[in-house]
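S.K.: Everything in the sequence shown is counted per our numbering, starting at 1161 for the first residue and increasing by one. Backbone N, C-alpha and C define an ideal beta-carbon position, used for all residues, glycine too.
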Amino acid sequence: MTFTRNKLADYQARHFSWRVEDRIGHVVLSIPERKNPLTFQSYAELRDLFRALCYDQDVKAVVISGAGGNFCSGGDVHDIIAPLTRMSMPELLEFTRMTGDLVKAIRSCPQVVIAAVDGVCAGAGAILAMVSDLRLGTPAARTAFLFTRVGLAGCDMGACAILPRLIGQGRAAELLFTGRAMTAAEGERWGFFNQLVEPDKLLVEATALARRLASGPTFAHAMTKNMLNQEWSMTLDQAIEAEAQAQALCMKTEDFERAYRAFAAKQTPEFVGR
1161 MTFTRNKLAD
1171 YQARHFSWRV
1181 EDRIGHVVLS
1191 IPERKNPLTF
1201 QSYAELRDLF
1211 RALCYDQDVK
1221 AVVISGAGGN
1231 FCSGGDVHDI
1241 IAPLTRMSMP
1251 ELLEFTRMTG
1261 DLVKAIRSCP
1271 QVVIAAVDGV
1281 CAGAGAILAM
1291 VSDLRLGTPA
1301 ARTAFLFTRV
1311 GLAGCDMGAC
1321 AILPRLIGQG
1331 RAAELLFTGR
1341 AMTAAEGERW
1351 GFFNQLVEPD
1361 KLLVEATALA
1371 RRLASGPTFA
1381 HAMTKNMLNQ
1391 EWSMTLDQAI
1401 EAEAQAQALC
1411 MKTEDFERAY
1421 RAFAAKQTPE
1431 FVGR
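1. Residue range of the beta strand (DSSP E) that Trp1392 falls in?
2. Pull up the DSSP beta-bridge partners for Arg1225, would you.
3. Residues bridged to Ala1304 by DSSP?
4. Who are the near neighbours of Tyr1203 in its chain, counting only those whose CB is closer than 7 Å to its CB and skipping five residues on each side?
5. Measure the alpha-carbon distance for Ala1344 versus Val1187 and round it to whole angstroms.
6. With a CB to CB cut of under 8 Å and the five nearest residues on each side skipped, what residues in its chain are close to Leu1409?
7. Confirm, please, whether the CB-CB distance from Leu1296 to Val1222 is below 8 Å.
8. Which runs of the alpha helix (DSSP H) fall wholly inside the stretch 1196 to 1245 and span at least 4 residues, in chain order?
9. Tell me which residues share the same chain as Phe1163 and place their Cβ nearer than 6 Å to its Cβ, disregarding the 5 neighbours each side in the sequence.
10. Along the chain, where does the alpha helix (DSSP H) that runs through Gly1260 open and close?
11. Output needed for Ser1233: all residues of its chain with C-beta closer than 8 Å, excluding positions within five of it in sequence on either side, in chain order.
12. Is the CB-CB distance between Gly1339 and Ala1313 below 8 Å?
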């Protein structure tokens, strides 16, 4: 059987910027004059891109950022919010399921996804940061799950499941009920941000982190990501057995053998991702 592999290095995105450099995929939300809002089209294209990443063995990590000093202002008021007020229930459910599919696509792709957050990070933009595997921010980052401020519930795109696991139930409840912005300092202290860096260093640091991960045992990284997701619904006994099976698979990889040989020779291993 012959499989056709996607070549996402050649993919031309229509509703955001996409490029691949040194095995790192860069998603740049690029409507800076409106603080990089999401539209129906960009939601769908992002979903399709992250779904396709499951089948691309050349892209090893992904960095999501925004243009013009902001990350993402969420769903566009005119392109999304206004049309939603005129939709029927089936149409609304189709939309909310589509946005949820974007979350599932980011969580299920094997690449480690890093959010580089500066300035405004609100609504669906906050969700994009939340569902990334790692988050770097700047002191200017302001993250707001502001759904309640527009008359909606805080339970949007998995927020009630994921956010409490990142920052704790009480803190998540406060942000989801009030819609207030979490400061960068709070985000770092609470564990939302892995690191804060100055704005001019944000993409440099995010790319450097992505490059370190891409040069590592990426098959094993994908296994770690998968287990982090799957073990939410497991008992401890189930998790221990699942990890036993996952680690046994990793022990059959070329990377595991390379690491042993490098250790024995007192050298740094060169991983190949298989």
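M.R.: Let me spell this out:
1. Annotation for Trp1392: no beta strand (DSSP E) segment contains it, and DSSP assigns it neither H nor E.
2. Just to set this straight, residue 1225 is Ser in the shown sequence, not Arg. BP columns for Ser1225 point to Val1188.
3. Paired residue(s): Ala1282 and Ala1341.
4. Cβ neighbours of Tyr1203 beyond the five flanking positions: Met1258, Thr1259 and Leu1262.
5. Looking at the two C-alpha atoms, the distance is approximately 22 Å.
6. Sequence-distant Cβ neighbours of Leu1409 in its own chain, meaning closer than 8 Å and more than five residues away, are Met1383.
7. The answer is no: Cβ separation not under 8 Å.
8. With a minimum length of 4 residues, the continuous alpha helix (DSSP H) runs that stay inside the stretch 1196 to 1245 are 1200 to 1213.
9. Its pLDDT being 38, under 50, Phe1163 is placed unreliably in this model, and the coordinates cannot settle the point.
10. For Gly1260, the enclosing alpha helix (DSSP H) stretches over residues Met1249 to Ser1268.
11. These residues qualify, in order along the chain: Arg1194, Lys1195, Asn1196, Pro1197, Val1280, Ala1282, Gly1283 and Gly1285.
12. No, these two residues do not count as a Cβ contact at 8 Å.
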